[in-house]
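Data block below; observations after.
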Amino acid sequence: MKFFKTTIILAVVAAIAVFAYWYFEVKKSKEKKAKEEKEALLFEQKDVPITKIIFIRKGEKPVVVVRKVKKVKKKENGEEKVEEQPYWEITSPVKTPGDLYTLKSIADDIKHAKRVEVVWNDLSKAKEYGLDNPDFSLRFYYKDDPKERGIDFGIKTLDQKKVFVKVLGQNKIYALESSTLESLNRSLFDIRDKTIAPIKKDNVVAVTLFSAMNQFKLEKKQDGWYFSDGTKASDSRVDLYLGSLRWGDFNEVVKEKGTVQDFKNYGLDKPRLILTYHLKDGKNFVFIVGDPIKEAKTTYYYATRSTDNMIFEVKSDLVFRLDSNKFYLKDRHIFDFDFDDVNKLTVRKMGFNKFTFIKKDDKWYYEENDKEVKKSYRLDGIVRALSDAEYEETEPIKRGDPNYASTGIDSPKYEVVMYFKNGRKPIKVKVTKRNEKTMKVYISPDNGETVYLTAGYFVDNIPENIDDLMKE
178 MKFFKTTIIL AVVAAIAVFA YWYFEVKKSK EKKAKEEKEA LLFEQKDVPI
228 TKIIFIRKGE KPVVVVRKVK KVKKKENGEE KVEEQPYWEI TSPVKTPGDL
278 YTLKSIADDI KHAKRVEVVW NDLSKAKEYG LDNPDFSLRF YYKDDPKERG
328 IDFGIKTLDQ KKVFVKVLGQ NKIYALESST LESLNRSLFD IRDKTIAPIK
378 KDNVVAVTLF SAMNQFKLEK KQDGWYFSDG TKASDSRVDL YLGSLRWGDF
428 NEVVKEKGTV QDFKNYGLDK PRLILTYHLK DGKNFVFIVG DPIKEAKTTY
478 YYATRSTDNM IFEVKSDLVF RLDSNKFYLK DRHIFDFDFD DVNKLTVRKM
528 GFNKFTFIKK DDKWYYEEND KEVKKSYRLD GIVRALSDAE YEETEPIKRG
578 DPNYASTGID SPKYEVVMYF KNGRKPIKVK VTKRNEKTMK VYISPDNGET
628 VYLTAGYFVD NIPENIDDLM KE
């Protein structure tokens, strides 16, 4: 027994010793690694942001960027709060907004820049490493600190994996990973905000388009967007339309500030498209598209904007999206009920039986035996498709129109009847056979008097027999 106790004690002591050794060795190793990483950093770490960066490229004017802060009002839990929101501004060689995310990334890369090795312990070899007249240098300042910090980049190693540098205020030559140079060596175009129309959606109260193909005006009212003739527009598609320009970027700057002659040279005096955002404060933002230009296999257009008269290039697909028409933007919903309004449904595929279902507590039941429908999602799919249905490609077709007979609505393939909670009159919908190439069908909610072309995916949910729905 004594031997057994001694063995246990020795085992515990050994375990403690192993743990202590492991703990202190690992801790020591981690501390050593942390110390080495800290020593490898090119610049001292400070808990304040970098507020100014200067990019100096040989043969070009230095690009100066300044970090600023603006106060923004926000509502949180019903209370209005004021937050400080940082932003970057390029102050030289032009005054223009900087790209927030790109410059934040650059500032982080500066703070965390690490040397791979010390190449030379003084600067006597600076010329050999391309550091006497560097192609690229960077200077920066921390907040509330007048001390200038910076780095000069020289030549790369033969394998291009490292670059030689010197740090301002240090008499050594270091080697860095080439990726550090690539992340910091940015042009004016790289770091500028390339957003064409930096406008908040809620500030736009009207939109006017003039082009060779389309002209319209949209106005925002309390219940949504309307064309000037009173036609209701699709709020979701208008939001996307506005977003095309608000989220769009220019691809290249041609002239920082165009002259009258420049506008003539690039076709902006006889524009292909003029899009105007009318704003809450009574001001207008105008976007103008001029001549096309082909580069390789891609077509661009020259464009300008009213905020600064800069001339820039935009991709052709943006221009095509903006040159939209009334048919695309208007509200084309066929029905005016919501998905949750329907509480009874009758469906039939011609040549098969008619089936009726009752909806109770968000579940469907077969009316004939009051059994729960196992595949309720199929009935939901029919109702949802019709509640969201919009006519496509063509205006509604009336009985007697030249192309009425080609719709096939007088020989329908399916029939759907929807009943409503509020006692509203049921809607009977005739549905034609689906075109399997376009996946579209013609439907009529008024016994064939008016016919609409719409998406026909929902017909797959109409059963031929009741077992299609009642079994898992």
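Using the working numbering, the letters of the sequence shown map in sequence onto residues 178 to 649.
Don't be surprised by glycine CBs; every beta carbon is placed ideally from N, CA and C.
| Check | Outcome |
| --- | --- |
| Determine whether the Cβ of H289 lies closer than 9 Å to any Cβ atom of chain C. | Annotation note: the requested chain C is absent from the structure, which comprises a single protein chain. |
| Please report the straight-line C-alpha distance between W265 and T475, rounded to a whole angstrom. | 32 Å |
| Between K447 and V241, what straight-line distance do the alpha-carbon atoms span, to the nearest angstrom? | 36 Å |
| Considering only the alpha carbon of each residue, which of T273, K338, A632 and L365 lies closest to G510? | Position check: residue 510 holds His in this sequence, whereas Gly was assumed. It is A632 whose Cα lies nearest to the Cα of H510. |
| So, using beta-carbon positions, are I376 and G425 closer together than 9 Å? | no |
| Tell me whether T584 sits in a helix, a strand or coil according to DSSP, three-state version. | helix |
| Relative to the C-alpha of W297, which candidate in I287, L308, K288 and A290 has its C-alpha closest? | L308 |
| My output table needs one value for Y568: the three-state DSSP class, helix, strand or coil. | coil |
| For V524 and D645, what's the separation of their Cα atoms in angstroms? | 13 Å |
| Can you say whether M595 is buried or exposed, counting buried as having 16 or more other CB atoms within 10 angstroms of its CB? | buried |
| Could you check whether the stretch 534-543 touches the stretch 424-443, counting it as contact only if at least three pairs of C-beta atoms, one from each stretch, sit closer than 8 Å? | no |
| Spell out the partners DSSP gives Y479 in its beta bridges. | E490 |
| Can you have a look at L452 and say buried or exposed, based on whether 16 or more other CB atoms are within 10 angstroms of its CB? | buried |
| Within its chain, find whatever has a CB closer than 6 Å to the CB of R449; leave out the 5 residues flanking it on each side and keep chain order. | V466 |
| Go ahead and label G327 buried or exposed: buried means 16 or more other beta carbons lie within 10 angstroms of its beta carbon, across all protein chains shown. | buried |
| On the CB-based measure, 16 or more other CB atoms within 10 Å of its CB, does F313 come out buried or exposed? | buried |
| Within a Cβ cutoff of 6 Å, which residues of the same chain sit near T357, ignoring the five residues on either side of it in sequence? | A290 |
| In terms of residues, what are the limits of the beta strand (DSSP E) holding K397? | Q392 to K398 |
| Going by other Cβ atoms of all chains shown within 10 Å of its Cβ, with 16 needed for buried, is Y634 buried or exposed? | exposed |
| What separation, rounded to the nearest whole angstrom, lies between the Cα atoms of N642 and F497? | 47 Å |
| Using DSSP with H/G/I as helix, E/B as strand and the rest coil, what is K441? | helix |
| Give the secondary structure of M647 by DSSP, where H, G and I count as helix, E and B as strand, and everything else as coil. | helix |
| How many angstroms separate the CA atom of I230 from the CA atom of V243? | 7 Å |
| Terminal residues of the continuous beta strand (DSSP E) containing R423? | Unbroken run through R423 is the alpha helix (DSSP H), D412 to R423; no beta strand (DSSP E). |
| Look at the alpha carbon of R577 and the alpha carbon of R561, and state the distance between them as a whole number of angstroms. | Sequence check: residue 577 is Gly here, not Arg. About 30 Å. |
| How about T408 and K503: are their beta carbons less than 9 Å apart? | yes |
| Around the Cβ of V225, are there at least 16 other Cβ atoms within 10 angstroms (buried) or fewer (exposed)? | exposed |
| Going by DSSP, what residue range makes up the alpha helix (DSSP H) through A284? | L277 to K288 |
| Quick one: grab the DSSP three-state call for F366. | helix |
| Taking V384 and L419 to be in contact with their CB atoms under 8 Å, please state how far apart those CB atoms are, rounded to whole angstroms. | 7 Å |
| Could you have a look at D299 and say whether DSSP puts it in helix, strand or coil? | coil |
| Determine which residues share a DSSP beta bridge with T523 and list them. | T533 and V594 |
| Below 8 Å on the Cβ atoms is my contact criterion, and I expect F317 with I233 to pass it. Report the Cβ-Cβ distance as a whole number of Å. | Between I233 and F317 the Cβ distance is about 11 Å, and since that is not below 8 Å, they are no contact. |
| In whole angstroms, what separates the C-alpha of L300 from that of S269? | 31 Å |
| Looking only at its own chain, which residues have a Cβ that is under 6 Å from the Cβ of A284, when we skip the five neighbours before and after it? | I227 |
| Going by CA-CA distance only, name the one from V381, T609 and N624 that's closest to V142. | What the structure shows of the chain is the stretch from 178 to 649, and residue 142 is not part of that stretch, so it cannot be assessed. |
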